[in-house]
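Engineer: Note that the sequence shown covers residues 430 to 565 in our numbering.
Ideal Cβ placement from N, Cα and C applies to all residues, glycine included.
Just so you know, these numbers come straight off a predicted model, no measurement behind them.
Let me begin by handing over the structure; questions about it come next.
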Amino acid sequence: MSDVTWGPVYDDDILHIELPDGNWVDVKRYITAQDQAAAQNAARATRKEGADEMSFSTGSYSVVLLQRLVKAWSFSRNGAAIPCEPKTVAMLPIHTRDYIMERIDAANKPATEEQAENLERPMPTSFGETEPALLN
430 MSDVTWGPVY DDDILHIELP DGNWVDVKRY ITAQDQAAAQ NAARATRKEG ADEMSFSTGS
490 YSVVLLQRLV KAWSFSRNGA AIPCEPKTVA MLPIHTRDYI MERIDAANKP ATEEQAENLE
550 RPMPTSFGET EPALLN
């Protein structure tokens with residue numbers, strides 16, 4: 430797993446979630462900007478002919494987000510493993526989706542002030558941000 434707290438998220442940044450029924454699900458630990466954009470794009474509905482307003486489908490948003498985050502699981506049916514793929518992720522019951530998303534949301538919760546002080550700070554992007562007095 431990556432130890433970068435402010436940088437890119439890689440495929441080995443996995444959160445292992447044990448479900449109440451004994452199954453497990455492995456998900457991306459963090460929601461990336463790319464994940465969020467894909468879900469938002471899927472949720473945008475085109476304007477209906479003759480309508481003056483657009484709508485946003487939260488159902489599409491949550492399905493696409495979950496499809497991007499779920500990487501592996503232990504589900505089986507009649508003794509055979511159920512493949513973890515977008516089609517089967519979309520077939521998860523709402524209570525399973527909600528349970529998984531609660532854990533992902535907890536992992537993505539902004540740090541408290543005290544926790545933030547202990548996180549590795551991003552590096553300044555220019556010399557001027559670190560030593561403004563030396564520029565005189």
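#1: Is Gln496 buried or exposed, if buried means 16 or more other CB atoms sit within 10 Å of its CB?
#2: How is the beta strand (DSSP E) around Asp455 delimited, first residue to last?
#3: With Thr487 and Ala472 assumed to form a contact (beta carbons below 8 Å), what rounded beta-carbon distance in angstroms separates them?
#4: Out of Lys538, Lys500 and Thr525, point me to the one whose CA is closest to Leu448's CA.
#5: Let me know the beta strand (DSSP E) ranges lying completely inside the segment 466-539, each 3 residues or longer, listed in chain order.
#6: How many whole angstroms separate the CB atoms of Leu494 and Asp455, which I take to be in contact at a CB cut-off of 8 Å?
#7: Beta strand (DSSP E) containing Ile446: first to last residue?
#8: By alpha-carbon positions, which one of Ile523, Asp441, Asn452 and Ser489 ends up nearest to Ala466?
#9: Do the CB positions of Val492 and Tyr459 come within less than 8 Å of each other?
#10: With a threshold of 16 other CB atoms inside 10 Å of the CB of Lys538, please say whether the residue is buried or exposed.
#11: According to DSSP, is Asp464 helix, strand or coil?
#12: Can you tell me whether Arg476 is buried or exposed, with buried defined as 16 or more other CB within 10 angstroms of its CB?
Structural biologist: Reading off the structure:
#1: Gln496 comes out buried.
#2: Note, Asp455: beta strand (DSSP E), Trp453 to Lys457.
#3: That pair is a contact at about 7 Å.
#4: From the listed residues Lys538, Lys500 and Thr525, the smallest Cα separation to Leu448 is found for Thr525.
#5: If we require 3 residues or more, the beta strand (DSSP E) runs fully inside the segment 466-539 come out as 499-502.
#6: About 16 Å separates the beta carbons of Leu494 and Asp455, which is beyond the 8 Å limit, so they are not a contact pair.
#7: That run of the beta strand (DSSP E) goes Ile443 to Glu447.
#8: Of the candidates Ile523, Asp441, Asn452 and Ser489, the residue whose Cα lies closest to the Cα of Ala466 is Ser489.
#9: In terms of Cβ geometry, Val492 and Tyr459 do not form a close pair [threshold 8 Å].
#10: Exposed.
#11: Helix, per DSSP.
#12: Low confidence applies to Arg476: its pLDDT is 49, below 50, so where it sits in the model is not reliable, and the reading given next is rough at best. Burial call: exposed.
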